[in-house]
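Please read the structure below before turning to the comments.
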């Protein structure tokens, strides 16, 4: 009953909603007054980008995009840990 | 004739659609909220509701879509693993970031009513 064109039309309908969210996150990432704001916006942006890449893998029927999403999710966790260790070390060393 | 694949695909599409709408709401909150600690709420909403839920939906779609060929179980398993990683890593990362931001005073708590954690550390509160 549900065929291929219905799934493709649904993904074409969902894609602009995700892109609008990416634009809003990017505004906060560029504007963010402090370092944690920027890192938090990039954090949310990259997790959503991983989900968007998996949706694109369905759309293009290419399984090569799946490992990219896993690596993105792990990379942005490493960014969080690096930045929080940097902030705490900067406080203990006295700027 | 409604088969099991159709049910999987429809449930997956509902999950992806709801996740996209939650994602836009979280992005609006990220843009409009006043300080870092309030934006933390929007960020965790955007990662769990906007990334975990669509990934589970894509898992169901890929498990039900026969036109993807033999690689559809690879795509379903890979997106499920990504969803589990995000479910574990996103709260841990934002928690570490919030702790570091409060300890190093990198983000100002403004506007605020009271900050007991700052008072316990001997600050102005």
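Residue numbers (the working numbering), protein chains in the order written: chain A, 14 to 108; chain B, 98 to 222. We treat Cβ as the ideally placed atom computed from N, Cα and C, and that holds for glycine. Bear in mind the structure is a predicted one, so any value in this text is a computation, not a measurement.
- Using a Cβ-Cβ cut-off of 7 Å, residue 218 of chain B does not count as an interface residue toward chain A, since no Cβ of chain A sits closer than that to its own.
- Below the 8 Å Cβ cutoff, chain A contributes 47, 49 and 50 as neighbours of residue 204 of chain B, in chain order.
- Per DSSP, reduced to three states, the secondary structure at residue 169 of chain B is helical.
- For the 7 Å CB-CB criterion, residue 108 of chain B and residue 157 of chain B form a contact.
- When the alpha-carbon of residue 23 of chain A is set against those of B/214, B/138 and B/115, the nearest one is in B/115.
- For residue 61 of chain A, the CB contacts under 8 Å within the same chain, skipping 5 residues up- and downstream, are 31, 34, 35 and 38 in chain order.
- Residues of the same chain with a CB within less than 7 Å of the CB of residue 144 of chain B, apart from the 5 flanking positions on each side, are 183 and 187 in chain order.
- Between the alpha carbons of residue 201 of chain B and residue 153 of chain B lies a distance of about 37 Å.
- Listed in chain order, the positions of the region 53-66 of chain A with a beta carbon within less than 7 Å of a beta carbon of chain B are 53, 54, 56, 57, 60, 61, 63 and 64.
- Interface criterion met: the Cβ of residue 79 of chain A is under 7 Å from a Cβ in chain B.
- Assignment of alpha helix (DSSP H) within the region 67-99 of chain A, counting only whole runs of 4 or more residues, yields no such run.
- The Cβ-Cβ distance between residue 140 of chain B and residue 57 of chain A falls below 7 Å.
- DSSP places residue 201 of chain B outside both helix and strand once states are collapsed to three, so it counts as coil.
- The continuous alpha helix (DSSP H) containing residue 152 of chain B extends over residues 150-161.
- Here residue 50 of chain A has no same chain residue with a Cβ atom under 6 Å from its own Cβ, once five neighbours each way along the sequence are excluded.
- The C-alpha of residue 194 of chain B is placed about 7 Å away from the C-alpha of residue 96 of chain A.
- Residue 175 of chain B and residue 83 of chain A do touch by the CB rule: their CB atoms are close to 7 Å apart, below 8 Å.
- Residue 198 of chain B is positioned such that its CB atom lies closer than 7 Å to that of residue 204 of chain B.
- Note that the region 164-172 of chain B touches the region 68-86 of chain A; at least 3 beta-carbon pairs, one per stretch, sit closer than 8 Å.
- The straight-line gap separating the alpha-carbon atoms of residue 167 of chain B and residue 113 of chain B is approximately 23 Å.
- If you check each beta-carbon in the region 21-47 of chain A against every beta-carbon of chain B, the ones closer than 7 Å belong to 23, 27, 30, 31, 33, 34, 37, 38, 40, 41 and 47.
- Under the DSSP assignment, residue 130 of chain B falls outside any alpha helix (DSSP H); it carries neither an H nor an E label.
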